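Down below is the structure, laid out as structure tokens.
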Amino acid sequence: MRQNSLKQACSMTTALALILMAGAVCAKPVPAQKPGEPPVVTNNVDRPETSDEAVLALKSMTMPITATPLDKLPLDKFHLPDGFKLEVYASGLANGRSLQLGDKGTLFVGSRIAGRVYAVTNQDGKRAVKIIAKGLHRPNGVAFHDGTLYVAEISKISKYPDIEAHLDQPPAPVTIYDDLPKDEAHGWKFIKVGPDNKLYVPIGAPGNNLIPPETHAQIRRMDLDGKNVEIVARGVRNTVGFDWNPATKLLTFTDNGRDWVSEELPNDELNVLTKPGQEHFGYPFCHQGNLPDPEYGWGKSCADYTAPVGLLGAHTAALGMRFYTGTQFPAQYQGGIFIAQHGSWNKTQKTGGQVVFAKLGSDGKVTSVEPFLTGFLENNELIGRPVDVQVTPDGALLVSDDLNGAIYRISYDAKHAAK
Amino acid sequence: MRIPLALAVATVLTGPVLAAGPSIEGCTACHGAGTSQTEGIPSLGGMPALYVTNQLFMFREGQRKADPMNSLAEPMSDEDLQAYGAAIATLPAPTYQGPAADAERVARANAAIAKHRCASCHGAQLGGDKGVPRIRGQREEYLVTALTTYKTSERAGFDPQMNEVAGELSPNEIADLAYAIARKP
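Protein chains in written order, with my numbering: chain C, 5 to 423; chain R, 423 to 607.
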């Protein structure tokens, strides 16, 4: 009974009231920060409170850690545009998240709470899943370069040299960098080696909305031995996916917007870094390029921060992204970006839970964001959660789903496309 | 009423996991049949099956560190975890029996519950659902430990949301919350 009436209460009026209220009562001065002292971390905005009906109607997002057996995967629920087809590339990878291909075709898969790194081998179409590391501390990030696998745990990055030759007996990891905070909140990392042969490592804000310490809310880059560390971007709340634009070579990254402002704002962002070391992307003062923070925005101007090149929807949890560089898909996909949206929790009507395709205009700004792989949302519950995407050498697209512990492969066959 | 570990482990691990569900006598020896009488050991009554399964997964993989649960969960298969989850979920929820709670502390705790929106995830009555635990009626000292270790990141949830929430709690708030939630009728 209560469930029902609450659902109805989440109609426009309540949602609207919540937005207005959140906007109106939250302005609080930013606490003064004396030079040399650690930054003041203050509490979150006080609204909405639990007593607000819409908040009680929020269904919390929880999911099993165990993987869904192959024959129980909800494949018949998924939708793709005409001519595309989806098959299971690998299953049984509990909590499998970030994807990275090795030179010899091994797919490396990081995880968060399972603490494991998986390797999916692919020999003559026969695939096998191996656990190459376990008991790690949220090893979400996997990068591969010149035969070496790099794994990012919350506060440490290690390398596994010549990994593809030693999948059955992986070498002992060598720590290359551990000058990282230990916070769990937004502490898990996506990592990748850039065209400059440097390793890019983000450090999220240690909470929803706060003045971050100097060490957080940024992206660093470093040599592959962990030396020569620089901060390349600041004001980044939590990026869990990035890639380099093959045309411009610029770092392009998703960033997750803060919670609890309203159900419709702020959007998750797609950002481009043009001047490494000199750009601030707004968090926590300005969100989505034009929304001053209700708590910390006073006295700040959004014009002082780099605005996103595209907006990806509020609370969609835009995570992994890759430019489409293959030739298998129709020409319109060339140079655009596939983005995995993990799905919302801070929203009564859930969104996300899909892979979208973003097109860029000649000015580098996003011109459209269209659903690509959908069907993960059923009756306002997520039945799968896309985390990362990866283009394979034959031009197919792999997608990880950490709720089901599965990797899907999407391919295109013009013959089957509707005329 | 501390149970010798070796004995408890032996009790738990004898007997195969039957189709009818595993025997949880070994578990309840420590945890009580729903309500724990032992300091440091949480009550499991009324916990959602998915929460129990997820925690056992994390114990097995060493992602949540706590003796003796790591060694107990180690030999379990995914199916075992799910079977224990389902069996534990049948235990009756704890209900507070002691003297009336201090109204002032309860009022302070209720304010903190509203401010930090605990009920948006734990449910209006803090009874939990799916992967979110029941906290109402849980042992007070265990609640203090849980909230404190989330705050320091020593304990990581299967989802880091609790670390975010607890990061915003002061030690006084934690004390009041634990006091009132443990006594919540």
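Cβ coordinates follow ideal geometry from the N, Cα and C atoms, glycine included. A quick note: this is a predicted structure, and the numbers were derived from the prediction, not measured.
Simplified DSSP state of residue 474/R, which is helix, strand or coil:
Helix.
Check this for me: beta carbons of residue 77/C and residue 408/C, under 7 Å apart or not?
Yes. Within cutoff.
Kindly list, in the order they appear in chain R, the residues whose Cβ is closer than 8 Å to that of residue 212/C.
Ordered by position in chain R, the residues that pass the 8 Å Cβ test against residue 212/C are 586.
Going by Cα to Cα distance, which pick from 316/C, 137/C, 326/C, 347/C is closest to residue 248/C?
Minimum Cα distance to residue 248/C is reached at 326/C.
Those residues which DSSP pairs with residue 122/C across a bridge
According to DSSP, residue 122/C bridges with 113/C, 135/C.
Taking 7 Å as the threshold (beta carbon to beta carbon), is residue 477/R in contact with chain C?
Chain C, which has no Cβ nearer than 7 Å to the Cβ of residue 477/R, makes this no.
Quick one: is residue 573/R buried, meaning 16 or more other Cβ sit within 10 Å of its Cβ, or exposed?
Buried, by the Cβ-count rule.
Taking Cβ-Cβ distances shorter than 7 Å, what residues in chain C pair up with residue 491/R?
By Cβ distance, chain C contributes nothing, its closest Cβ being about 15 Å from residue 491/R, past 7 Å.
Report the rounded CA-to-CA distance for residue 130/C versus residue 246/C, giving the unit in angstroms.
Straight-line Cα distance between these residues: approximately 30 Å.
Would you check if the region 493–506 of chain R and the region 476–483 of chain R touch, i.e. whether three or more CB-CB distances between them fall below 8 Å?
The region 476–483 of chain R is in contact with the region 493–506 of chain R.
Within its chain, find whatever has a CB closer than 6 Å to the CB of residue 47/C; leave out the 5 residues flanking it on each side and keep chain order.
Since pLDDT at residue 47/C reaches only 39, below the 50 mark, its modelled position is unreliable, and the value read off the structure follows with that caveat. Leaving aside the five residues that flank residue 47/C on each side, none in its chain has a CB nearer than 6 Å to its CB.
Report the neighbours of residue 598/R on chain C: residues whose CB is nearer than 8 Å to its CB, in chain order.
Contacts between residue 598/R and chain C, judged by CB atoms closer than 8 Å, are missing: the closest CB pair is about 15 Å apart.
How is residue 181/C classed by DSSP in three states: helix, strand or coil?
DSSP places residue 181/C in the strand class (E or B) of the three-state scheme.
Could you have a look at residue 438/R and say whether DSSP puts it in helix, strand or coil?
Per-residue confidence for residue 438/R stands at a pLDDT of 44, beneath the threshold of 50, marking its modelled position as unreliable; the derived number appears in the next sentence. The three-state secondary structure of residue 438/R, taken from DSSP, is coil.
Counting contacts by CB-CB distance shorter than 7 Å, is residue 307/C in contact with chain R?
It does not; no Cβ of chain R falls within 7 Å.
Taking any Cβ of chain R, which residues in the region 176–207 of chain C have a Cβ under 7 Å from it, in chain order?
Of all residues in the region 176–207 of chain C, 186, 187, 188, 189 have a Cβ within less than 7 Å of some Cβ in chain R.
Neighbour-count burial assignment, residue 190/C, 16 or more Cβ in a 10 Å radius:
Under this definition residue 190/C is a buried residue.
Go to residue 224/C, then tell me how far its beta strand (DSSP E) extends in each direction, as first and last residue.
Boundaries of the beta strand (DSSP E) around residue 224/C: 222–226.
Report the three-state DSSP secondary structure of residue 492/R (helix, strand or coil).
In this structure, residue 492/R counts as helix in the three-state DSSP scheme.
Just checking my contact of residue 188/C with residue 578/R at CB under 8 Å: how many whole Å lie between their CB atoms?
Contact between residue 188/C and residue 578/R is confirmed by a C-beta separation of about 5 Å, below the 8 Å threshold.
In chain C, which residues lie less than 8 Å from residue 498/R when you measure between Cβ atoms?
Residues of chain C passing the Cβ test: none, with the nearest at roughly 11 Å.
Got a sec: is the Cβ-Cβ distance from residue 119/C to anything in chain R below 7 Å?
Chain R, which has a Cβ nearer than 7 Å to the Cβ of residue 119/C, makes this yes.
So residue 258/C is in the alpha helix (DSSP H); what residue range does that whole segment cover?
Unbroken run through residue 258/C is the beta strand (DSSP E), 255–259; no alpha helix (DSSP H).
Does chain R have any CB closer than 7 Å to the CB of residue 139/C?
Closer than 7 Å: yes.
Find the residues of chain R that neighbour residue 67/C, judging by a C-beta separation of less than 9 Å, and give them in chain order.
Residues of chain R with a Cβ closer than 9 Å to the Cβ of residue 67/C are, in chain order, 472, 476, 552, 553, 580, 581.
In the DSSP assignment, what are the bridge partners of residue 104/C?
In the DSSP output, where bridge partners are listed per residue, residue 104/C has 112/C.
For residue 91/C, list the residues DSSP reports as bridge partners.
Here residue 91/C is bridged, per DSSP, to 413/C.
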